[in-house]
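Chains as they are written, first to last, in our numbering: chain A, 1 to 147; chain B, 148 to 294.
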DNA sequence: TTCTCAATCTGCAAAGAGTGCGAACTAGCA
DNA sequence: TGCTAGTTCGCACTCTTTGCAGATTGAGAA
């Protein structure tokens with residue numbers, strides 16, 4: 001995703017207005033690597049701008065996504081997450097705490113896929129799931145505490 | 148997923164009862180390749196057994212999934228889909244009509260993944276998305292009809 | 001700087017997907 | 001046949017996201 005300053009220009013160039021709410025969200029998303037949900041962003045935004053509405057957060061995120069500045073990701077934890085990293089990458093999710101990280105996969109072009117049946121593929125997304133370091137060590141400590 | 152007869156035994160062996168509702172759902176899911184949603188199964192089930200409740204459909208599907216007889220899949224179309232194919236496979240979804248097909252992928256063990264950062268991976272799922280044959284030809288016909 | 005108006009913001013209602021709960025019902029063993 | 005734990009069903013409710021409408025405001029024009 002572009003920098004807040006660049007986004008300001010892009011929005012104006014597209015006939016969209018640059019409001020304080022949008023600027024705040026540009027800043028909160030830029031360089032953000034935690035893959036927040038709309039609700040999480042709303043909480044952060046509210047702390048800095050009391051009164052901002054959840055509706056506006058959804059609206060702005062949707063705008064950014066339709067401009068290709070943001071990727072919407074669904075890791076099966078209920079709410080959609082937003083990712084400002086628009087590189088070609090995939091994700092890994094911790095099935096215990098829900099943390100999501102970006103992963104880069106090489107060699108996916110050499111996969112042999114059977115059953116595509118005439119589908120014209122536009123995209124392939126790989127989702128890894130497992131246990132993150134923190135949750136793995138928590139499990140270990142609980143186990144030793146228990147026994 | 149096992150056959151309805153085998154599931155009957157498995158359920159009883161696990162102390163679960165075999166009701167007409169469950170038998171109906173065993174039958175509807177066995178060999179089912181369309182990846183139905185709970186709502187879709189409920190519609191089919193209702194046609195054969197008026198009065199069956201959506202709650203029971205969810206209940207039974209959840210039971211089957213926790214016994215490993217069914218896989219829950221989320222292709223990002225809103226509702227969870229249920230897949231009686233428990234082989235090691237992946238999915239392709241048509242972004243136009245939502246159709247889901249099973250695909251088999253070879254060579255995924257040779258992928259180079261960067262960024263796993265200590266995660267203990269338990270699963271990797273690949274979701275392809277694109278346009279199915281039917282929707283692709285529909286687009287073509289509409290284009291030619293248009294001129 | 002002021003004016004204007006389309007774009008935006010906010011709050012609320014509502015839709016879609018699932019889940020929790022409790023009363024009524026029933027499969028399956030004794 | 002009776003008993004009882006497991007089920008079913010319907011309803012209320014949660015959660016996420018979207019639709020709507022009136023009030024507000026950004027930003028180009030005057």
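Where a beta carbon is used, it is the ideal one built from N, C-alpha and C, also for glycine. The structure displayed is predicted, hence computed values, not measured ones.
* To do: Would you mind working out which of 32/A, 117/A, 25/A and 107/A sits nearest residue 56/A, comparing C-alpha positions?
  => 25/A
* **residue 130/A, buried or exposed, once every other Cβ within 10 Å from all chains shown has been counted against 16** => With a 10 Å radius around the Cβ and a threshold of 16 neighbouring Cβ atoms, residue 130/A comes out buried.
* Are the region 241-253 of chain B and the region 278-291 of chain B touching, with three or more C-beta to C-beta distances below 8 Å? -> yes
* Asked: So, does the CB of residue 2/A fall closer than 8 Å to a CB anywhere in chain B?
  -> no
* Asked: If you pair each beta-carbon of the region 174-191 of chain B with each one of the region 226-245 of chain B, do three or more pairs fall below 8 Å?
  -> yes
* **Top-ranked residue by Cα proximity to residue 222/B, from 1/A, 126/A and 50/A** => 126/A
* To do: In angstroms with no decimal places, state the Cα-to-Cα distance between residue 195/B and residue 94/A.
  => 41 Å
* Check whether the region 61-78 of chain A touches the region 103-112 of chain A, taking contact to mean three or more Cβ pairs, one atom from each stretch, closer than 8 Å. => Segments in contact, no.
* **DSSP-derived helix/strand/coil call for residue 97/A** => coil
* Would residue 207/B be called buried (16 or more neighbouring beta carbons within 10 Å of its own) or exposed? -> Under this definition residue 207/B is a buried residue.
* Asked: Buried or exposed: which applies to residue 92/A, given that a residue is buried once 16 or more other Cβ atoms fall within 10 Å of its Cβ?
  -> buried
* To do: Report, in whole angstroms, the separation of the C-beta atoms of residue 54/A and residue 44/A, which I expect to be a contact under 8 Å.
  => Residue 54/A to residue 44/A, Cβ: 12 Å. No contact.
* **CB of residue 164/B within 8 Å of CB of residue 157/B, strictly** => no
* Going by other Cβ atoms of all chains shown within 10 Å of its Cβ, with 16 needed for buried, is residue 199/B buried or exposed? -> Buried: at least 16 other Cβ atoms inside 10 Å.
* At least one CB of chain B closer than 8 Å to the CB of residue 131/A: is that the case? -> Yes, its Cβ sits closer than 8 Å to a Cβ of chain B.
* Would DSSP call residue 116/A helix, strand or coil? -> coil
* Please compile the residues from chain A whose C-beta is within a distance smaller than 8 Å of the C-beta of residue 221/B. => Ordered by position in chain A, the residues that pass the 8 Å Cβ test against residue 221/B are 74 and 76.
* Asked: Distance, Cα to Cα, residue 256/B vs residue 270/B?
  -> 12 Å
* Asked: Run through DSSP, which three-state label would residue 252/B get?
  -> strand
* Does the beta-carbon of residue 289/B have 16 or more other beta-carbons within 10 angstroms, so that it is buried, or is it exposed? -> exposed
* **Opening and closing residue of the beta strand (DSSP E) in which residue 175/B lies** => Per DSSP, residue 175/B belongs to no beta strand (DSSP E); it is in the alpha helix (DSSP H), 167-176.
* Using the C-alpha atoms, what's the distance from residue 19/A back to residue 58/A? -> 15 Å
* **Backbone CA spacing between residue 30/A and residue 21/A [nearest angstrom]** => 14 Å
* **Nearest residue (CA-CA) to residue 115/A, options 291/B, 275/B and 264/B** => Closest by alpha carbon: 275/B.
* Against chain A: residues of the region 247-262 of chain B by CB proximity under 9 Å -> Those residues of the region 247-262 of chain B that come within reach of chain A (Cβ to Cβ, closer than 9 Å) are 248, 249, 250, 251, 252, 253, 254, 255, 257, 258, 259, 260, 261 and 262.
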